[in-house]
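K.L.:
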Amino acid sequence: MDSASVIIIGAGMSGISAAKTLSDAGVKEILILEATNRIGGRIRNTYFADLSVETGANWIEGVHGEKQNPIWEMAQQLGLRTFRSDYSNLSSNTYKQDGGRYEKAAVEAAIDESEKIHSLGEEYSKTLPPSGRNDISISTFQRLENKIPSTPLEMIVDYYSYDYEFAEPPRVTSLQNTVPLPTFDDFGDNVYFVADERGYEILVYNLASMFLETNSHGVIVDPRLQLGKVATEIQYSGDGATVSTDDRSSYRADFVLVSVSIGVLQSDLIKFNPVLPKWKILALYEFDMAVYTKIFLKFPFKFWPDGDDTEFFLYASKRRGYYPLWQHFEKQYPGANILMVTVTDEESRRIEQQDESTTKKEAMEVLRSMFGKDIPEATDILVPRWWSNKFFRGSFSNWPLGVNRHEFDSIKAPIKRLYFTGEHTSEHYNGYVHGAYLAGIDSANMIVQHIRDGYFEVEIKPKDSY
Numbered sequence: 050m051d052s053a054s055v056i057i058i059g060a061g062m063s064g065i066s067a068a069k070t071l072s073d074a075g076v077k078e079i080l081i082l083e084a085t086n087r088i089g090g091r092i093r094n095t096y097f098a099d100l101s102v103e104t105g106a107n108w109i110e111g112v113h114g115e116k117q118n119p120i121w122e123m124a125q126q127l128g129l130r131t132f133r134s135d136y137s138n139l140s141s142n143t144y145k146q147d148g149g150r151y152e153k154a155a156v157e158a159a160i161d162e163s164e165k166i167h168s169l170g171e172e173y174s175k176t177l178p179p180s181g182r183n184d185i186s187i188s189t190f191q192r193l194e195n196k197i198p199s200t201p202l203e204m205i206v207d208y209y210s211y212d213y214e215f216a217e218p219p220r221v222t223s224l225q226n227t228v229p230l231p232t233f234d235d236f237g238d239n240v241y242f243v244a245d246e247r248g249y250e251i252l253v254y255n256l257a258s259m260f261l262e263t264n265s266h267g268v269i270v271d272p273r274l275q276l277g278k279v280a281t282e283i284q285y286s287g288d289g290a291t292v293s294t295d296d297r298s299s300y301r302a303d304f305v306l307v308s309v310s311i312g313v314l315q316s317d318l319i320k321f322n323p324v325l326p327k328w329k330i331l332a333l334y335e336f337d338m339a340v341y342t343k344i345f346l347k348f349p350f351k352f353w354p355d356g357d358d359t360e361f362f363l364y365a366s367k368r369r370g371y372y373p374l375w376q377h378f379e380k381q382y383p384g385a386n387i388l389m390v391t392v393t394d395e396e397s398r399r400i401e402q403q404d405e406s407t408t409k410k411e412a413m414e415v416l417r418s419m420f421g422k423d424i425p426e427a428t429d430i431l432v433p434r435w436w437s438n439k440f441f442r443g444s445f446s447n448w449p450l451g452v453n454r455h456e457f458d459s460i461k462a463p464i465k466r467l468y469f470t471g472e473h474t475s476e477h478y479n480g481y482v483h484g485a486y487l488a489g490i491d492s493a494n495m496i497v498q499h500i501r502d503g504y505f506e507v508e509i510k511p512k513d514s515y
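What follows is the structure, given as structure tokens:
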């Protein structure tokens with residue numbers, strides 16, 4: 050049995066951010082146990098058709114606002130290769146299910162109507178009590194305004210406005226906590242697409258290298274980072290905690306910080322001894338773990354429009370969310386001949402359960418309806434499977450109805466020497482990379498305070514008192 054002051058389970062952005070914060074505060078006896086063979090968590094790049102692509106987080110969201118997004122600041126310091134995503138010309142690039150494009154004026158009218166309802170939703174949201182008890186879904190507000198998207202054009206505009214951001218439909222997404230969205234209100238409306246050979250994950254590796262030992266090639270060799278260590282049980286008490294892994298190892302610490310996704314916490318991968326209290330379990334299951342899937346297709350040559358204002362295009366199917374939002378990489382990687390299509394939620398789960406040849410066939414049928422029957426067949430396809438992966442169980446958390454500060458305090462509240470962190474513990478920025486980064490700092494500082502003062506307690510107020 051090895052020992053450490055703090056054991057951190059998970060080496061994603063929040064786990065590494067927490068570890069660095071602890072190290073900076075003088076807590077050097079840390080041990081990071083990571084189930085996979087890499088750090089970065091849901092920030093992950095891979096090579097597809099000789100091109101580095103991001104299968105997880107891909108954008109830095111919230112840039113050029115009054116506040117500086119810490120992830121954007123890191124990216125600038127490292128010279129990360131990024132491109133501003135411009136969706137302003139979608140009205141010229143929206144395709145019908147039965148072929149051809151919609152008239153620009155028709156799409157603009159649908160977008161204007163959606164934005165009008167969104168603005169009204171912002172005003173209504175501000176009138177709701179902070180307890181969250183009167184919260185409603187985005188779809189419910191649309192019904193109140195008698196503006197329910199029903200045509201293929203209305204549905205694709207609605208999908209772009211909400212599902213594309215939250216990975217779940219408006220019928221299950223909170224109005225109060227997403228309209229307006231704190232990320233864009235605080236950090237700015239711009240979003241930047243990461244297209245760097247080093248991968249978005251270089252930000253996590255750079256953060257780790259600030260406190261973990263590396264060799265001359267920049268590879269982390271610090272024994273305080275242990276890869277391939279799957280935590281299976283955590284025994285905790287007021288005196289410390291013990292973590293058991295699937296290779297029958299045990300590690301003892303004064304504190305344990307759990308930074309796995311809320312999807313994993315909702316599964317049975319890690320057993321807690323004693324069982325987590327009911328208030329903690331209830332809080333964990335209040336949240337949704339959404340699934341956001343980017344499918345990559347390689348072609349022998351391009352057949353889609355390129356040039357200014359063509360990067361993104363929409364497919365308006367009668368089946369909502371069916372291969373809806375497409376992107377080409379001609380700006381980021383000229384001549385790559387790669388398309389990316391984003392699907393979410395039920396379509397993501399469905400596609401994860403079928404073989405890639407079936408997915409490629411479906412995608413090709415959609416592309417042929419947009420660009421004609423003579424387009425070439427895709428030569429390769431990549432379908433990430435975040436939902437099926439037991440170490441992630443999805444992509445990121447989404448705001449459900451009726452959740453407020455009470456549930457967040459409950460989710461991140463420690464139980465004796467057992468602490469929690471992750472993007473799902475970020476009250477204002479859950480679901481985002483900057484949320485994970487800031488949550489790691491916050492949770493680590495809670496442990497530091499516990500070490501300094503001998504105790505730490507999160508005040509969980511009754512729901513109606515917020």
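Residues in the sequence shown are numbered consecutively from 50, following my numbering.
The beta carbon of each residue, even a glycine, is placed where N, CA and C say it ideally should be.
1. Is N255 helix, strand or coil when you go by DSSP?
2. Could you have a look at L467 and say whether DSSP puts it in helix, strand or coil?
3. Under 8 Å: do the segment 221-237 and the segment 249-259 share three or more Cβ pairs, one atom per stretch?
4. Using only the heavy atoms of the ligand FAD, determine whether one of them is closer than 6 Å to the beta carbon of M62.
5. Can you tell me where the alpha helix (DSSP H) holding T70 begins and where it ends?
6. Which class does W328 belong to by DSSP, given the choice of helix, strand or coil?
7. Does DSSP classify Q146 as helix, strand or coil?
8. Going straight from the alpha carbon of D355 to that of E83, what length do you get?
9. Is it right to say I197 is buried, meaning 16 or more other beta carbons lie within 10 angstroms of its own, or is it exposed?
10. Secondary structure at M50, three-state DSSP: helix, strand or coil?
11. Counting only the same chain and skipping the five closest in sequence on each side, list residues whose C-beta sits under 7 Å from that of G443.
12. I'd like to check one pair, K409 with S180: are the Cβ atoms closer than 7 Å?
13. How should M50 be labelled, buried or exposed, when 16 other C-beta atoms within 10 angstroms of its C-beta is the threshold for buried?
14. Report the partner residues of D337 according to the DSSP bridge assignment.
15. Which same chain residues, not among the five before or five after G17, have their C-beta less than 6 Å away from its C-beta?
16. Mapping DSSP to helix, strand and coil, what is L346?
17. Note down the Cα distance separating L374 from E214, rounded to an integer number of angstroms.
18. Which term fits P349, buried or exposed, when burial requires 16 or more other beta carbons within 10 angstroms of its beta carbon?
19. Go ahead and label E405 buried or exposed: buried means 16 or more other beta carbons lie within 10 angstroms of its beta carbon, across all protein chains shown.
20. What does D429 pair with, by DSSP beta-bridge criteria?
21. Specify, as a first and last residue, the run of the beta strand (DSSP E) that F242 falls within.
22. Of all the options K465, R501 and G484, which has the alpha carbon lying nearest to the alpha carbon of L325?
P.N.:
This is what the structure holds:
1. Sequence index remark: in the sequence shown, residue 255 carries index 206 (1-based). Helix.
2. Reading the sequence shown from its first residue, position 418 is the one you call residue 467. In the structure shown, L467 sits in a strand (DSSP, three-state: E or B).
3. no
4. Ligands displayed in this structure: none; no statement on the ligand FAD is therefore possible.
5. Within the sequence shown, numbered from 1, the residue matching residue 70 stands at position 21. Per DSSP, T70 belongs to the alpha helix (DSSP H) from M62 to D73.
6. Residue numbering aside, residue 328 sits at position 279 when the sequence shown is read from its first letter. Here W328 sits in helix by DSSP.
7. Reading the sequence shown from its first residue, position 97 is the one you call residue 146. Coil, per DSSP.
8. Locating residue 355 in the sequence shown gives position 306, counting from the first residue. Locating residue 83 in the sequence shown gives position 34, counting from the first residue. C-alpha separation (whole angstroms): 42 Å.
9. For the purposes of this step, residue 197 is identified with residue 148 of the sequence shown, where counting begins at 1. Exposed, by the Cβ-count rule.
10. As a position in the sequence shown, residue 50 is number 1, starting the count at 1. Residue placement at M50 is flagged as unreliable, the pLDDT there being 48, under the threshold of 50; the coordinate-derived value follows with that caveat. Reduced to three states, the DSSP call for M50 is coil.
11. Counted from its first residue, the sequence shown places residue 443 at position 394. S310, G312, M338, A339, V340, W435 and W436.
12. Taking the sequence shown and counting its residues from 1, one reaches residue 180 at position 131. Taking the sequence shown and counting its residues from 1, one reaches residue 409 at position 360. Not closer than 7 Å, so no.
13. Here the question's residue 50 lines up with position 1 in the sequence shown. In this prediction, M50 has a pLDDT of 48, which is less than 50 and means its spatial position is unreliable; what the coordinates show is noted afterwards. Classification for M50: exposed.
14. One-based indexing of the sequence shown puts residue 337 at position 288. Answer by DSSP bridge pairing, in chain order: N447.
15. The requested residue 17 is not part of the displayed model; the chain covers only 50 to 515.
16. Residue 346 sits at position 297 when you count from the first residue of the sequence shown. L346: strand per DSSP, three-state reduction.
17. Locating residue 374 in the sequence shown gives position 325, counting from the first residue. Locating residue 214 in the sequence shown gives position 165, counting from the first residue. Straight-line Cα distance between these residues: approximately 12 Å.
18. Taking the sequence shown and counting its residues from 1, one reaches residue 349 at position 300. Exposed.
19. Translated into positions along the sequence shown, residue 405 becomes position 356. E405 comes out exposed.
20. By one-based count along the sequence shown, residue 429 stands at place 380. Answer is K347, bridged to D429.
21. Counted from its first residue, the sequence shown places residue 242 at position 193. F242 -> beta strand (DSSP E) spans N239 to V243.
22. Counted from its first residue, the sequence shown places residue 325 at position 276. Nearest C-alpha to L325: K465.
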